[in-house]
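Student: Let me begin by handing over the structure; questions about it come next.
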Ligand code: GN1
Ligand code: MG
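Residue numbers (the working numbering): 1 to 355.
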């Protein structure tokens, strides 16, 4: 893979003079390219095992970013800019069938991995709320990039098959975890039924709303925009809030093996929701408002199910750092969900006080 060759297939401002790896993402391979004009770009090889239709995914990203650009003061900094290939397509396919895409590097920005102050959580909430507000009038169909991504009915189809197959022979040791999942199955299906029945509306969703997927202005500290738009799809916006809370408001990281540290922080929850609701409360439907406090429970449950299912399957989806990693993730997120269940009334009160 010669990235210096690959980048030549894109319509940059000038010619690339260097291409270097950036970060250590689990899904795509990411590089930063510098052109002789001084402009910088992000080059990515998109993971086609996870994203089976990269052209459709890139069409989603172009449609959504073009829509945002039409509505913001600084279109080059307030959303990503997809740089087309020389043939005009928003991606380039190499000889090995790998898909590559380029976006502008947004200068003067920074990211964070851990939210340790309510102020940062408030900025994160503003960022997601603003993203949803800008897209609240976007009604073109979007491709379903990953089938049934946050659809618990589909996840149960996969779950039932995993348990039946018991590929790694681990089911016999997981009676407690499995019954933990089963005891909540109906409650989660009831929630999803409201999406299926249109009681909860479909909107443009980001689907990976953790802190590190938002850019902040390096000078002012204010949130700039959502990045990593690969999983942009149509779903319920509640999942995006829920997934953000799962990461912003957990007292520790998602796979902390010290379960005594795990739990929801209400100061972070309140700050995030304050920022978020200041952007969206005028257009959220009554049903969305009613179920807002439940959103983190749903998505954390789904995450427990996905971690445990991967453990049952023999660790084939998530990268693991040690043999029991997926089981630790499962238990850590179970603990988080239990703290959310215990604090559900408090979250409802916080939401009510902010509406
Ligand atoms: C994966 O790798 P990352 O952090 O972008 C996963 C998310 C999970 C997350 C859990 C496409 O996201 O759904 O919430 O791991 N993304 C995909 O850490 O499966
Ligand atoms: Mg991601």
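Virtual Cβ for every residue (Gly too), placed ideally from N, Cα, C. All values reported here derive from a predicted model rather than from experimental measurement.
Excluding five sequence neighbours on each side, which residues of the same chain lie with their C-beta closer than 8 Å to the C-beta of residue 184?
Tutor: If you number the chain shown from 1, residue 184 lands on position 184. Correct list, in chain order: 301.
Student: When the Cα atoms are used, what is the spatial distance from residue 274 to residue 297?
Tutor: Position 274 of the chain shown, counted from the start, is the residue given in the question as residue 274. Position 297 of the chain shown, counted from the start, is the residue given in the question as residue 297. Cα-Cα distance, rounded: 19 Å.
Student: Report whether the distance from the Cβ of residue 254 to the nearest heavy atom of the ligand GN1 is below 8 Å.
Tutor: For the purposes of this step, residue 254 is identified with residue 254 of the chain shown, where counting begins at 1. It does: the Cβ of residue 254 is within 8 Å (strictly closer) of some heavy atom of the ligand GN1.
Student: Answer yes or no: do residue 70 and residue 279 have a C-beta to C-beta separation smaller than 9 Å?
Tutor: Taking the first residue of the chain shown as position 1, residue 70 is located at position 70. Taking the first residue of the chain shown as position 1, residue 279 is located at position 279. Cβ distance not < 9 Å, so residue 70 and residue 279 don't count as in contact.
Student: Between residue 117 and the ligand GN1, is the CB less than 8 Å from at least one heavy atom?
Tutor: Counting from one through the chain shown, the residue named residue 117 turns up at place 117. Every heavy atom of the ligand GN1 is 8 Å or more from the Cβ of residue 117, so no.
Student: For the ligand NAP, is there a heavy atom less than 8 Å away from the beta-carbon of residue 30?
Tutor: This structure does not include the ligand NAP; its bound ligands are the ligand GN1 and the ligand MG.
Student: With 9 Å set as the bound, which would you pick, yes or no: does the beta-carbon of residue 85 sit closer than that to a beta-carbon of chain C?
Tutor: As a matter of chain content, chain C is missing from the structure shown, which is built from one protein chain.
Student: Please report the distance separating the alpha-carbon of residue 21 from that of residue 102.
Tutor: To locate residue 21, count along the chain shown from 1; it is residue 21. To locate residue 102, count along the chain shown from 1; it is residue 102. For residue 21 and residue 102, the distance between alpha carbons rounds to 14 Å.
Student: By the three-class DSSP mapping on this structure, what secondary structure does residue 283 have?
Tutor: Taking the chain shown and counting its residues from 1, one reaches residue 283 at position 283. Correct three-state label for residue 283: coil.
Student: Say yes only if the C-beta of residue 306 is nearer than 8 Å to one or more non-hydrogen atoms of the ligand GN1, and no if none qualify.
Tutor: Position 306 of the chain shown holds residue 306. Yes - the ligand GN1 has a heavy atom lying nearer than 8 Å to the Cβ of residue 306.
Student: Determine the DSSP secondary structure at residue 9, reduced to helix, strand or coil.
Tutor: On the chain shown, residue 9 is found 9 positions in, with the first residue counted as 1. DSSP places residue 9 in helix when its eight states are reduced to three.
Student: With DSSP collapsed to three states, give me the class of residue 123.
Tutor: As a first step, residue 123 is located in the chain shown; it is residue number 123 there, counting from the start. Residue state, collapsed to three classes: helix.
Student: Would you tell me roughly how many angstroms separate the C-alpha atoms of residue 325 and residue 177, rounded to the nearest one?
Tutor: As a first step, residue 325 is located in the chain shown; it is residue number 325 there, counting from the start. As a first step, residue 177 is located in the chain shown; it is residue number 177 there, counting from the start. If you take the alpha carbons of residue 325 and residue 177, they lie about 15 Å apart.
Student: Where does residue 117 sit, in a helix, a strand or coil, going by DSSP?
Tutor: Residue numbering aside, residue 117 sits at position 117 when the chain shown is read from its first letter. Looking at residue 117 - three-state DSSP - the assignment turns out to be coil, as it is neither helix nor strand.
Student: What are the boundary residues of the beta strand (DSSP E) that residue 347 is part of?
Tutor: Taking the chain shown and counting its residues from 1, the one referred to as residue 347 is at position 347. Segment 344-354 is the alpha helix (DSSP H) holding residue 347; no beta strand (DSSP E) there.
Student: Does the region 157-169 come within contact of the region 308-320, defined as at least 3 CB pairs closer than 8 Å?
Tutor: Cβ pair count under 8 Å is three or more, so yes.
Student: By the 10 Å Cβ neighbour count, where 16 or more other Cβ atoms means buried, how is residue 49 classified, buried or exposed?
Tutor: For this step, residue 49 is matched to residue 49 along the chain shown. Exposed is the call here.
Student: With the cut-off set at 9 Å, would you say residue 33 and residue 16 are in Cβ contact?
Tutor: One-based indexing of the chain shown puts residue 33 at position 33. One-based indexing of the chain shown puts residue 16 at position 16. Result yes, Cβ atoms of residue 33 and residue 16 sit closer than 9 Å.
Student: Return the first residue and the last residue of the beta strand (DSSP E) that residue 246 is part of.
Tutor: Here residue 246 refers to the residue found at position 246 when the chain shown is read from its first residue. That residue, residue 246, is in no beta strand (DSSP E); its alpha helix (DSSP H) goes 237-248.
Student: Beta-carbon separation of residue 246 and residue 303 under 9 Å?
Tutor: For this step, residue 246 is matched to residue 246 along the chain shown. For this step, residue 303 is matched to residue 303 along the chain shown. Cβ atoms of residue 246 and residue 303: closer than 9 Å.
Student: At a cut-off of 8 Å, would you count residue 317 as near the ligand GN1, judging by its Cβ distance to the nearest heavy atom?
Tutor: Along the chain shown, one-based indexing puts residue 317 at 317. For the ligand GN1, at least one heavy atom lies less than 8 Å from the Cβ of residue 317.
Student: The alpha helix (DSSP H) spanning residue 176 covers which residue range?
Tutor: Translated into positions along the chain shown, residue 176 becomes position 176. Unbroken alpha helix (DSSP H) run through residue 176: 175-183.
Student: Which whole-angstrom value describes the C-beta separation of residue 241 and residue 64, a residue pair presumed to lie in contact below a C-beta threshold of 8 Å?
Tutor: Start at 1 with the first residue of the chain shown, and residue 241 comes out as number 241. Start at 1 with the first residue of the chain shown, and residue 64 comes out as number 64. Contact doesn't hold; Cβ gap of about 18 Å is too wide.
Student: Tell me whether residue 48 counts as near the ligand GN1, meaning its Cβ is closer than 8 Å to at least one heavy atom of that ligand.
Tutor: For this step, residue 48 is matched to residue 48 along the chain shown. Checking the Cβ of residue 48 against the ligand GN1 gives no.
Student: Using CA coordinates, which residue listed in 75, 231, 340, 108 is at the minimum distance from residue 52?
Tutor: Residue 52 sits at position 52 when you count from the first residue of the chain shown. Residue 52 has its Cα closest to that of 231, out of 75, 231, 340, 108.
Student: DSSP three-state label for residue 107, please.
Tutor: Stepping through the chain shown from its first residue, residue 107 is reached at position 107. DSSP places residue 107 in coil when its eight states are reduced to three.
Student: With distance defined between alpha-carbon atoms, name the residue in 268, 305, 180, 8 nearest to residue 159.
Tutor: Numbered from its first residue, the chain shown carries residue 159 at position 159. Ranking 268, 305, 180, 8 by Cα distance to residue 159 puts 305 first.
Student: So, is residue 256 buried or exposed, given that buried needs 16 or more other C-beta atoms within 10 angstroms?
Tutor: On the chain shown, position 256 is the one that residue 256 refers to. When all chains shown are included, residue 256 counts as buried.
Student: Whole angstroms are fine: how far does the CA of residue 132 sit from the CA of residue 336?
Tutor: Position 336 of the chain shown holds residue 336. Position 132 of the chain shown holds residue 132. Answer to the nearest angstrom: the Cα atoms are 26 Å apart.
Student: Taking its Cβ as the centre, do 16 or more other Cβ atoms sit within 10 Å of residue 79, making it buried, or is it exposed?
Tutor: As a position in the chain shown, residue 79 is number 79, starting the count at 1. Buried, by the Cβ-count rule.
Student: According to DSSP, is residue 362 part of a helix, a strand, or is it coil?
Tutor: The question about residue 362 has no answer here: the residues shown for the chain are numbered 1 through 355.
Student: Would you tell me roughly how many angstroms separate the C-alpha atoms of residue 115 and residue 248, rounded to the nearest one?
Tutor: Position 115 of the chain shown, counted from the first residue, corresponds to residue 115. Position 248 of the chain shown, counted from the first residue, corresponds to residue 248. Roughly 6 Å separates the two Cα atoms.
Student: For a test of your reading of the model: does the CB of residue 258 fall under 8 Å from any non-hydrogen atom of the ligand GN1? Yes or no.
Tutor: Working through the chain shown from its first residue, we reach residue 258 at position 258. No - the ligand GN1 has no heavy atom lying nearer than 8 Å to the Cβ of residue 258.
Student: From what residue to what residue does the beta strand (DSSP E) around residue 203 run?
Tutor: What you label residue 203 is simply residue 203 of the chain shown in a count that begins at 1. Run containing residue 203: 203-205, per the beta strand (DSSP E) assignment.
Student: Which stretch, first to last residue, makes up the beta strand (DSSP E) that contains residue 40?
Tutor: On the chain shown, position 40 is the one that residue 40 refers to. Its beta strand (DSSP E) spans residues 40-46.
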